[in-house]
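Here is the structure we will look at, set down as structure tokens.
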Amino acid sequence: MKLSEFHYDLPPERIAQRPLAARDESRMMLLDRASGAYKDRWFREFPSLLRGDELIVLNNARVLPARLFGRRAGIHATEPGKRNAARGEFLSTRIEVLLVRELEPGLWEALVRPGRKVPSGERIVFSAEGEEARGDDSREAPSSAPAGSELEAVVEGRGEFGLRVLRFSCTSELQEVLGRLGHIPLPPYIKRADELEDRERYQTVYASRGSAVAAPTAGLHFTGDILEKVRARGVEIAEITLDVGLGTFEPVRTERLEDHKIHREHYEISEAAAEAIERARRERRPILAVGTTVVRALEDAAEKSGTAGGALRPGRAEASIFLYPGKPFRVVSQLLTNFHLPGSTLLALVAAFAGHEAVLRAYRHAVEAQYRFYSYGDCMLIR
């Protein structure tokens with residue numbers, strides 16, 4: 001399919017820049033997969049709209065404060081106005097790092113800006129003093145930073161998609177250090193610096209595992225009270241973990257959607273979750289995925305199972321599946337999802353699940369009805 005077939009017009013003011021006062025105050029469009037009909041509802045109605053025999057699958061990935069600001073160190077400077085780092089002094093070049101994917105303890109793929117100034121072998125030092133850098137995406141970088149210990153990384157090489165491979169000076173304590181020095185990696189369409197509130201609101205209430213660099217945003221609408229009401233209906237809940245990575249924001253740059261090379265993301269399905277999913281499949285109960293990340297993990301696991309029915313097995317794997325119109329869905333029968341960017345792989349996934357024309361009609365209505373879009377925006381329940 002052509003990328004242009006996944007375009008819709010979205011006024012910039014419809015992109016939510018901040019979360020609502022309460023998580024469950026968001027609007028929710030109810031979309032029928034069979035007919036393409038839609039209704040405007042509220043997310044707080046979610047528990048009452050369930051049949052009562054569903055299996056809801058959540059992604060419990062926790063978002064890391066994965067955005068760091070530092071300075072170059074350890075390379076001899078030849079540019080005018082720079083000081084000699086070989087004498088142990090910092091260069092004046094400020095560096096922004098966005099951790100993308102953990103390859104092994106202490107070794108990460110990362111976006112580095114300005115990347116052309118950071119060759120292999122370069123040392124980058126992160127500290128409170130290094131965090132007043134300004135990003136070049138029109139968002140202001142934080143004006144102050146939490147106090148914390150200095151952190152160092154060495155650029156070991158290049159990865160795919162223009163990424164750098166960084167080796168950090170600490171491994172087991174890295175997440176603790178990130179908690180002091182790092183910032184929540186808000187998506188590029190949120191045109192502001194992260195704030196203290198984002199540490200709580202750009203995180204689901206059930207986040208507990210993993211090292212995601214973006215939130216599984218469909219889950220941001222849930223509160224403890226909503227989850228209690230869901231369980232009170234007799235609905236079963238299972239959790240998996242998919243570490244959301246750069247692919248959730250990576251634009252499609254190929255004319256043919258099918259030619260796009262999608263990022264891989266780590267996921268883990270526990271034995272209990274696999275058993276719950278297979279039990280629901282045997283009993284022909286609806287499996288409701290909360291977010292496209294859950295869809296991707298479950299459908300990838302089914303595709304790789306090696307069995308005729310795509311029986312899920314517990315364990316860790318890398319999601320490499322790319323779901324677009326024409327691709328089959330073996331596991332998921334219902335989906336709660338936020339609204340996605342035009343021409344994105346996530347919009348293609350939703351279109352594959354609910355029908356290309358039906359989804360674009362629903363999106364056009366959402367624009368006209370002034371829904372809030374993207375990470376901090378409203379949601380859609382497809383069933």
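For the sequence shown, my numbering assigns the number 1 to the initial residue and increments by one for each residue that follows. Even for Gly, the Cβ is constructed at its ideal location relative to N, Cα and C. Owing to the predicted nature of the structure, the values given are computational and were not obtained by experimental measurement.
Collapsed DSSP secondary structure at residue i in the structure displayed
| i | result |
| --- | --- |
| residue 370 | coil |
| residue 46 | helix |
| residue 287 | strand |
| residue 204 | coil |
| residue 10 | coil |
| residue 330 | coil |
| residue 79 | A caution first: residue 79 carries a pLDDT of 43, below 50, which makes its placement in the model too unreliable to give a value. |
| residue 141 | Model confidence at residue 141 stands at a pLDDT of 46, short of 50, so the residue's coordinates are unreliable; what they give is reported in the following sentence. Residue 141: coil per DSSP, three-state reduction. |
| residue 118 | coil |
| residue 56 | strand |
| residue 40 | strand |
| residue 274 | helix |
| residue 317 | strand |
| residue 98 | strand |
| residue 214 | coil |
| residue 267 | strand |
| residue 72 | strand |
| residue 232 | helix |
Residue i at chain B interface by Cβ criterion, 8 Å
| i | result |
| --- | --- |
| residue 198 | Structure shown: chain B not included; a single protein chain is present. |
Assigned exposure category for residue i - 16 Cβ within 10 Å defines buried
| i | result |
| --- | --- |
| residue 185 | buried |
| residue 208 | exposed |
| residue 119 | exposed |
| residue 4 | exposed |
| residue 370 | exposed |
| residue 11 | exposed |
| residue 151 | buried |
| residue 232 | exposed |
| residue 368 | exposed |
| residue 308 | exposed |
| residue 466 | No information on residue 466 is available, as it lies outside the stretch 1 to 383 that the chain covers here. |
| residue 265 | buried |
| residue 7 | exposed |
| residue 204 | buried |
Cβ neighbours of residue i in the same chain (closer than 6 Å, five flanking residues each side left out)
| i | result |
| --- | --- |
| residue 101 | 109, 245 |
| residue 39 | 30 |
| residue 112 | 97, 118, 164 |
| residue 153 | 124, 166, 168 |
| residue 346 | 292, 340 |
| residue 289 | 57, 295, 332, 335 |
Cutoff 8 Å; reference residue i; Cβ partners in own chain excluding five residues on either side
| i | result |
| --- | --- |
| residue 357 | 36 |
| residue 172 | 105 |
Whole-number beta carbon distance between residue j and residue i, since they are thought to touch under 8 Å
| i | j | result |
| --- | --- | --- |
| residue 336 | residue 218 | 5 Å |
| residue 126 | residue 379 | Going by Cβ atoms, the distance from residue 126 to residue 379 rounds to 35 Å, so no, they are not a contact pair. |
| residue 33 | residue 383 | 7 Å |
| residue 115 | residue 162 | 7 Å |
Near the ligand FMN: residue i beta-carbon under 7 Å from a heavy atom
| i | result |
| --- | --- |
| residue 321 | Looking at this structure, you won't find the ligand FMN or any other ligand, since it has none at all. |
Spatial neighbours of residue i in its chain, beta-carbon cut-off 7 Å, leaving aside the 5 residues before and after
| i | result |
| --- | --- |
| residue 229 | 47 |
query = Three or more beta-carbon pairs under 8 Å between the region 226–240 and the region 45–62, yes or no?
reply = yes
task = Mind the definition here: the region 177–191 touches the region 254–265 only if three or more C-beta pairs lie below 8 Å; say whether that holds.
result = no
message = Does the region 18–26 come into contact with the region 353–367, if we say contact requires no fewer than three beta-carbon pairs (one atom in each stretch) closer than 8 Å?
response = no
ask   = With contact counted as at least three CB pairs below 8 Å, one residue from each stretch, are the region 292–303 and the region 312–323 in contact?
value = yes
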